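Colleague: In the numbering used here, the protein residues as written are 1 to 317.
Here a beta-carbon is modelled for each residue, glycine too, at the ideal position from N, C-alpha and C.
Fair warning: this is a prediction, and the values are worked out from it, not measured in the lab.
#1: Drop a sphere of 10 angstroms on the beta-carbon of residue 137, count the other beta-carbons inside from all chains shown, and report buried for 16 or more, exposed for fewer.
#2: Using a Cβ-Cβ distance cut-off of 8 Å, determine whether residue 179 contacts chain D.
#3: If we count the other Cβ atoms within 10 Å of its Cβ and call it buried at 16 or more, is residue 272 buried or exposed?
#4: Using CA coordinates, which residue listed in 250, 24 and 230 is at the minimum distance from residue 80?
#5: With a 10 Å radius around its C-beta and 16 neighbouring C-beta atoms as the bar for buried, classify residue 144 as buried or exposed.
#6: Please state the DSSP three-state secondary structure of residue 175.
#7: To the nearest angstrom, how far is the alpha carbon of residue 37 from that of residue 228?
#8: Spatial neighbours of residue 202 within its chain, please: CB distance less than 6 Å, with the 5 preceding and 5 following residues excluded, ordered by chain position.
#9: Among residues of its own chain, excluding the 5 on either side of residue 14, which ones have a beta-carbon nearer than 8 Å to its beta-carbon?
#10: Beta carbon of residue 139, beta carbon of residue 104: below 8 Å?
#11: Determine which residues share a DSSP beta bridge with residue 28 and list them.
#12: Within the chosen definition, does the region 210–224 reach the region 177–186 through at least 3 CB pairs nearer than 8 Å?
#13: Using a 10 Å radius around the Cβ and a threshold of 16 neighbouring Cβ atoms, would you call residue 41 buried or exposed?
#14: Can you tell me which of 8, 274, 293 and 93 puts its alpha carbon nearest to the alpha carbon of residue 59?
Put into structure tokens, the structure is as follows:
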């Protein structure tokens, strides 16, 4: 079984590693071009490229794949049985989908048809889902609309962040891809059409989504926002026109968190380096556990309050 693998982040690296360790012939690895990073703008390999190079695999990094005849001819030259696509980051055109003998297989971070699109893991956490999973599928020209092959369901922890769920699902996705390729190889792969009436979408995240709206968001919605954007970008708010990123909170529902009457949502009701920082919401109180000031590092709130005073009565906006 000759495979061409297409992927970019650590989520995809797990799947590539799974295929290599299972003994499959990975003829080439396609990943996004290197990107400059840090103060020195040093060119950084993607996690997939790092692993591929370490294993001596051939690496291709086209700037574009659509209308790129040279790249498409290169893929044809490998005569792949299967192309595996995992979080590659570019739309795969029909010219490539039609190349492999057994089709293009995708590992998707949701239980399709829910959360089609670029950010299924993030949106599952942002929306407070209790269950999610991984689906492998045959790719077609639609956005995650192809026939499903295998699924594995997982529970999302009450305090689990996108980063933590991402890491768990990447390993599950790797195992499921290896199982899927095995089924294709043995000629008994299942196919199940998606129910279009149940489809939902998970678009790319914008920076603006991280803003906490204290006048509208419940404590639970704020917690899901904080979990869902950790570690991608962080939820944020403003204090005296300075941005504060919030990385972890606790919902004080059911705890002894006294709140004076007629307090505006977003108001600081307790600020103490020994007890922490408590904020009023539209339906309760939250405790901030980890915070990050502008041009500073992430800090436990008690450590932060030892060097930064936040007055009771101040309103976050």
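Modeller: Well, looking at it:
#1: Mapped onto the chain shown, residue 137 falls at position 137. So residue 137 counts as buried.
#2: The structure shown has no chain D; it contains just one protein chain.
#3: Here the question's residue 272 lines up with position 272 in the chain shown. Exposed, since its Cβ has fewer than 16 Cβ neighbours within 10 Å.
#4: Against the chain shown, residue 80 aligns to sequence position 80. Looking at the Cα atoms, 24 is the closest of the given residues.
#5: As a first step, residue 144 must be located in the chain shown, where it is residue number 144. Residue 144 comes out buried.
#6: Taking the first residue of the chain shown as position 1, residue 175 is located at position 175. The answer is helix: DSSP assigns residue 175 an H, G or I state.
#7: Counting from one through the chain shown, the residue named residue 37 turns up at place 37. Counting from one through the chain shown, the residue named residue 228 turns up at place 228. Cα to Cα, residue 37 sits roughly 24 Å from residue 228.
#8: Translated into the one-based positions of the chain shown, residue 202 becomes position 202. These residues qualify, in order along the chain: 115, 117, 119, 120 and 123.
#9: Reading the chain shown from its first residue, position 14 is the one you call residue 14. Once the five neighbours on either side are set aside, the close Cβ partners of residue 14 are 170, 171, 173 and 174.
#10: The residue you call residue 139 lines up with position 139 of the chain shown. The residue you call residue 104 lines up with position 104 of the chain shown. Yes, these two residues count as a Cβ contact at 8 Å.
#11: Along the chain shown, read from residue 1 onward, the residue named residue 28 stands at position 28. Residue 28 pairs with 4.
#12: no
#13: Counting from 1 along the chain shown, the entry for residue 41 is found at position 41. Classification for residue 41: exposed.
#14: Locating residue 59 in the chain shown gives position 59, where the first residue counts as 1. Looking at the Cα atoms, 8 is the closest of the given residues.
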